[in-house]
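Numbering (our numbering), first residue to last: 13 to 389.
Note that beta-carbon positions come from the ideal geometry of N, C-alpha and C, so glycine has one too.
Treat the numbers as computed from the prediction; the structure is a model and nothing was measured.
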Amino acid sequence: NPQIPLARPWFGREEAEAVAEVLDSGWVVQGAKVRAFEEQVAALHELPEGVAVSSATAGLHLTMLALGIGPGDVVLTPSFAWPAAAHVAARSGAGVWFTDVDPVTANLTPVHAEAAFQAALQATGRRPRALVIVHEFGLPAPAADLAAWAREREVTVIEDAACALGARHRGRPVGHFGVAAVFSFHPRKSITTGEGGVVVTADRALADRLRELRNHGQAADGRREFVVAGLNYRLTEIQAAIGLVQLRRFPEIQEIRRRLAETYRGALADLPEIQLPPGDPEHTWQTFMVVFRDARVRAAVEAACHAAGIGAGPAAVAAHRAPEWNGRFLSPADHCPTASRLADCGLALPLHPQLRAEELDRVVQRIRTALSRPSLP
Numbered sequence: 013n014p015q016i017p018l019a020r021p022w023f024g025r026e027e028a029e030a031v032a033e034v035l036d037s038g039w040v041v042q043g044a045k046v047r048a049f050e051e052q053v054a055a056l057h058e059l060p061e062g063v064a065v066s067s068a069t070a071g072l073h074l075t076m077l078a079l080g081i082g083p084g085d086v087v088l089t090p091s092f093a094w095p096a097a098a099h100v101a102a103r104s105g106a107g108v109w110f111t112d113v114d115p116v117t118a119n120l121t122p123v124h125a126e127a128a129f130q131a132a133l134q135a136t137g138r139r140p141r142a143l144v145i146v147h148e149f150g151l152p153a154p155a156a157d158l159a160a161w162a163r164e165r166e167v168t169v170i171e172d173a174a175c176a177l178g179a180r181h182r183g184r185p186v187g188h189f190g191v192a193a194v195f196s197f198h199p200r201k202s203i204t205t206g207e208g209g210v211v212v213t214a215d216r217a218l219a220d221r222l223r224e225l226r227n228h229g230q231a232a233d234g235r236r237e238f239v240v241a242g243l244n245y246r247l248t249e250i251q252a253a254i255g256l257v258q259l260r261r262f263p264e265i266q267e268i269r270r271r272l273a274e275t276y277r278g279a280l281a282d283l284p285e286i287q288l289p290p291g292d293p294e295h296t297w298q299t300f301m302v303v304f305r306d307a308r309v310r311a312a313v314e315a316a317c318h319a320a321g322i323g324a325g326p327a328a329v330a331a332h333r334a335p336e337w338n339g340r341f342l343s344p345a346d347h348c349p350t351a352s353r354l355a356d357c358g359l360a361l362p363l364h365p366q367l368r369a370e371e372l373d374r375v376v377q378r379i380r381t382a383l384s385r386p387s388l389p
C-alpha cells in the first residue's frame, strides 16, 4: 500500500459504536437506520424522497428500470466518467451514445448533448430518450442549462451525482435538475458506508417503485405481495449506521477537502506543464485531477509518484473506447477526443481528510522534481 494513499476513509470510535449498536439489536437489514440515512441524504439535498440501495450503480439501474428504459431506447451519457451509467443502460437493453466533455471542467455541456443527440438520431433513426448528467469529481455540470435543453428535446434527465454529495448549482442542490439523482458511498467518496448509494427524487410514485424494485418487487406499502419483478439491491443497517455518523462529519470533511484543494492549486499554479481544475466555489472536490500536456508526461509523473510511495493514479476512463458490449455501445470509437485526452493525460492526486500538510507538500515536490528531469518526454 502507498505511504500516501489516493483516498482514505475517515473512521473513528463513533462508527464502531454505531455498528455495535446495530449488532446488539439483532436487526441488520431494512430498519430504522436505513430509513434515517435515506431521509437525511434526501434532506441534505432539499428533496422529500430518498431510497437507500447497495451501490450507486444499483441506484442507476433501478432508476432506469423504474422509468422503463430498455430495448429500442437510446441513452446519452458522457464518456469521461466511471462507466456505471453506460453499463446499466446497456444491461437494461438500451443503446448507449457517448457525449464528449468540456476540456476544463470535464463535464458535458448543452453543446455536447445536442451534438450527441443529433448524431445518435442520424445514425439510429431514434430520438434519444434519456440523458445522464455526471457531476464529475464533485464539480456540478451546467445542470440548469442541460435541463432546459432536455425539456426542449423531450429527453428525461437522470443525475449521476455519485461524486457530488452536497454539491449545489446556481444555489440549488444537485438532484433538482432531473427526475432523480444517485449518490455513492464508496470508500473513495467524501463519506463512505463501504459500499452503498441513495437515490433522491421529488417524485413519490417513482420513489415507491424504486423501493419495490430494490426489495425483490415487494409492495412498497409493506404488503407481502410481489407487484413487479425486482432485485435485491438493499442497504444494510450496519452500512446505514456508519453512514449516519459520516453524515455528521460531512461538513468538517468538506471544509478539509476544500482547504486541501486550494493548497494544491496554490502550490502548483506556477507550473505551465499542468492544467489545474477550476477553482469553482461549488466544487466539492471528491477528486483533484491535474492534466499534463501528453500521456507520456502523465505516465512519467505517475511512475515517479509511485516510486515515492504516493498513490496518484488515473482519474477516470474514456468509456467510449471500451470494446463494444453486445452491440449496445452505438457511438463511434473515435468521436470523444476530449474524453480521450483527459483519460490519457489526467492524474488524480491524493485528497482525503487525513492527508497531512507535510504529505501534500511531498506530493507537490515529487511532481516538481519529476517535471524538472531532463529525461522527461
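Within the continuous beta strand (DSSP E) that includes S196, where are the two ends? As a position in the sequence shown, residue 196 is number 184, starting the count at 1. Residues A192 to S196.
Under a three-way DSSP split, which group does G107 fall into? In the sequence shown, residue 107 corresponds to position 95, counting from 1. In the structure shown, G107 adopts extended strand secondary structure according to DSSP, grouped into three states.
Evaluate the contact criterion for the stretch 168-177 versus the stretch 142-158: three or more CB pairs, one atom per stretch, below 8 Å. In this structure the stretch 168-177 lies against the stretch 142-158, because at least three pairs of beta carbons, one per stretch, are closer than 8 Å.
Give the straight-line distance between the Cα atoms of F33 and I254, rounded to the nearest whole angstrom. On the sequence shown, residue 33 is found 21 positions in, with the first residue counted as 1. On the sequence shown, residue 254 is found 242 positions in, with the first residue counted as 1. The question names Phe, but residue 33 in the sequence shown is Glu. Straight across, the Cα-Cα distance linking E33 with I254 is about 11 Å.
Take P90 and list the residues in its own chain whose beta-carbon comes closer than 6 Å to its own, dropping the five residues that flank it on each side. Against the sequence shown, residue 90 aligns to sequence position 78. Apart from sequence neighbours up to five positions away, the residues of its chain that approach P90 with a beta-carbon distance below 6 Å are T111, V113, L120 and V146, ordered along the chain.
Cutoff 8 Å; reference P95; Cβ partners in own chain excluding five residues on either side: To locate residue 95, count along the sequence shown from 1; it is residue 83. The residues are V329, A331 and A334.
Tell me the start and end of each unbroken beta strand (DSSP E) in the stretch 206-268 that is at least 3 residues and wholly inside, in chain order. Runs of the beta strand (DSSP E) inside the stretch 206-268: 209-213.
Bridge partners - A64, DSSP secondary structure assignment: Counting from one through the sequence shown, the residue named residue 64 turns up at place 52. Per the DSSP secondary-structure output, A64 pairs in a beta bridge with V210.
Verify whether the separation of the beta carbon atoms of T296 and A193 is less than 8 Å. Counting from 1 along the sequence shown, the entry for residue 296 is found at position 284. Counting from 1 along the sequence shown, the entry for residue 193 is found at position 181. Not in contact: T296 and A193 (Cβ atoms no closer than 8 Å).
Applying the criterion that 16 or more other CB atoms from any shown protein chain within 10 Å of the CB defines a buried residue, is T381 buried or exposed? For this step, residue 381 is matched to residue 369 along the sequence shown. So T381 counts as exposed.
When you measure from the CB of A131 to every non-hydrogen atom of the ligand SAH, does any distance come out below 7 Å? Summarising the ligand content, the structure contains no ligands, and the ligand SAH is consequently not present.
Which ranges does the alpha helix (DSSP H) cover as unbroken runs of at least 4 residues, wholly within the stretch 32-87, from first to last along the chain? If we require 4 residues or more, the alpha helix (DSSP H) runs fully inside the stretch 32-87 come out as 44-56 and 68-78.
Touching or not, the stretch 265-284 and the stretch 71-79, by the rule of three or more beta carbon pairs under 8 Å? No, they do not touch.
As assigned by DSSP and simplified to three states, the class of R184: Indexing the sequence shown from 1 puts residue 184 at position 172. In the three-state reduction of the DSSP assignment, R184 falls in the strand class, which pools E and B.
Can you grab the Cα-Cα spacing for the pair I268 / L56, in whole Å? Locating residue 268 in the sequence shown gives position 256, where the first residue counts as 1. Locating residue 56 in the sequence shown gives position 44, where the first residue counts as 1. Annotation: I268 to L56 spans about 19 Å, alpha carbon to alpha carbon.
Provide the residue span of the beta strand (DSSP E) that contains A331, from first to last. Within the sequence shown, residue 331 is the residue found at index 319, counting from 1. For A331, there is no enclosing beta strand (DSSP E), as DSSP marks it with neither H nor E.
Please classify E50 as buried or exposed, where buried requires at least 16 other C-beta atoms within 10 Å of its C-beta. For the purposes of this step, residue 50 is taken as the residue at position 38 of the sequence shown. The residue is buried, with at least 16 neighbouring Cβ atoms inside 10 Å.
DSSP-derived helix/strand/coil call for I203: To locate residue 203, count along the sequence shown from 1; it is residue 191. I203: coil per DSSP, three-state reduction.
P115 - DSSP class collapsed to helix/strand/coil: Start at 1 with the first residue of the sequence shown, and residue 115 comes out as number 103. Residue state, collapsed to three classes: coil.
Please report how far the alpha carbon of F92 lies from the alpha carbon of A327, in whole angstroms. Start at 1 with the first residue of the sequence shown, and residue 92 comes out as number 80. Start at 1 with the first residue of the sequence shown, and residue 327 comes out as number 315. Distance between the alpha carbons of F92 and A327 is about 9 Å.
Under 8 Å, do L143 and V100 count as touching if we go by C-beta distance? Here residue 143 refers to the residue found at position 131 when the sequence shown is read from its first residue. Here residue 100 refers to the residue found at position 88 when the sequence shown is read from its first residue. No. Outside cutoff.
Separation of A102 from R216, as counted between CA atoms: In the sequence shown, counting from the first residue as 1, residue 216 sits at position 204. In the sequence shown, counting from the first residue as 1, residue 102 sits at position 90. Each residue's alpha carbon lies about 26 Å from the other.
Nearest CA to the CA of S202: which residue from P365, V375 and A28? Reading the sequence shown from its first residue, position 190 is the one you call residue 202. Checking every option, the nearest Cα to that of S202 belongs to P365.
When the Cα atoms are used, what is the spatial distance from W161 to R184? As a position in the sequence shown, residue 161 is number 149, starting the count at 1. As a position in the sequence shown, residue 184 is number 172, starting the count at 1. Taking the straight line from one Cα to the other gives about 18 Å.
Which residue marks the beginning of the alpha helix (DSSP H) containing R351, and which one marks its end? Here residue 351 corresponds to residue number 339 of the sequence shown, with the count starting at 1. In the sequence on display, residue 351 carries Ala and not Arg. Segment P349 to C357, the alpha helix (DSSP H) holding A351.
Count Cβ pairs between the stretch 245-259 and the stretch 27-47 that sit closer than 8 Å; are there 3 or more? Judged by pairs of C-beta atoms under 8 Å, the stretch 245-259 touches the stretch 27-47, as three or more such pairs exist.
For the alpha helix (DSSP H) containing V376, name the first residue and the last one. In the sequence shown, the residue the question calls residue 376 occupies position 364. Where V376 is concerned, the enclosing alpha helix (DSSP H) stretches over A369 to S384.
V375 and P386: beta carbons closer than 8 Å? Within the sequence shown, numbered from 1, the residue matching residue 375 stands at position 363. Within the sequence shown, numbered from 1, the residue matching residue 386 stands at position 374. With respect to the 8 Å criterion, V375 and P386 are not classified as neighbours on the basis of their beta carbons.
Taking the alpha carbon of T299 as the reference point, which residue from A319, E314 and G325 has its own alpha carbon closest? The residue labelled residue 299 in the question sits at position 287 within the sequence shown. Considering only alpha carbons, the answer is G325.
S352, buried or exposed, once every other Cβ within 10 Å from all chains shown has been counted against 16: Looking up residue 352 in the sequence shown gives position 340. It is buried - the Cβ of S352 has at least 16 other Cβ atoms within 10 Å.
Go to V123, then tell me how far its alpha helix (DSSP H) extends in each direction, as first and last residue. Within the sequence shown, numbered from 1, the residue matching residue 123 stands at position 111. Here the alpha helix (DSSP H) through V123 covers P122 to T136.
Sub-8 Å separation of D157 and P115 beta-carbons: Locating residue 157 in the sequence shown gives position 145, where the first residue counts as 1. Locating residue 115 in the sequence shown gives position 103, where the first residue counts as 1. Result no, Cβ atoms of D157 and P115 do not sit closer than 8 Å.
Can you list, in chain order, the residues of its chain whose CB lies under 8 Å from that of P154, leaving out five sequence neighbours each side? Looking up residue 154 in the sequence shown gives position 142. Contacts found: N119, T121, P122 and H181.
Can you tell me which of S196, G209 and E166 puts its alpha carbon nearest to the alpha carbon of G190? Position 178 of the sequence shown, counted from the start, is the residue given in the question as residue 190. Comparing Cα-Cα distances from G190 to each of S196, G209 and E166, the minimum goes to E166.
Should D85 be labelled buried (16 or more other beta-carbon atoms within 10 Å of its own) or exposed? Against the sequence shown, residue 85 aligns to sequence position 73. Result: buried.
Quick check on P289: buried or exposed, where buried means 16 or more other Cβ atoms within 10 Å of its Cβ? Numbered from its first residue, the sequence shown carries residue 289 at position 277. Answer is buried; the Cβ neighbour count reaches 16.
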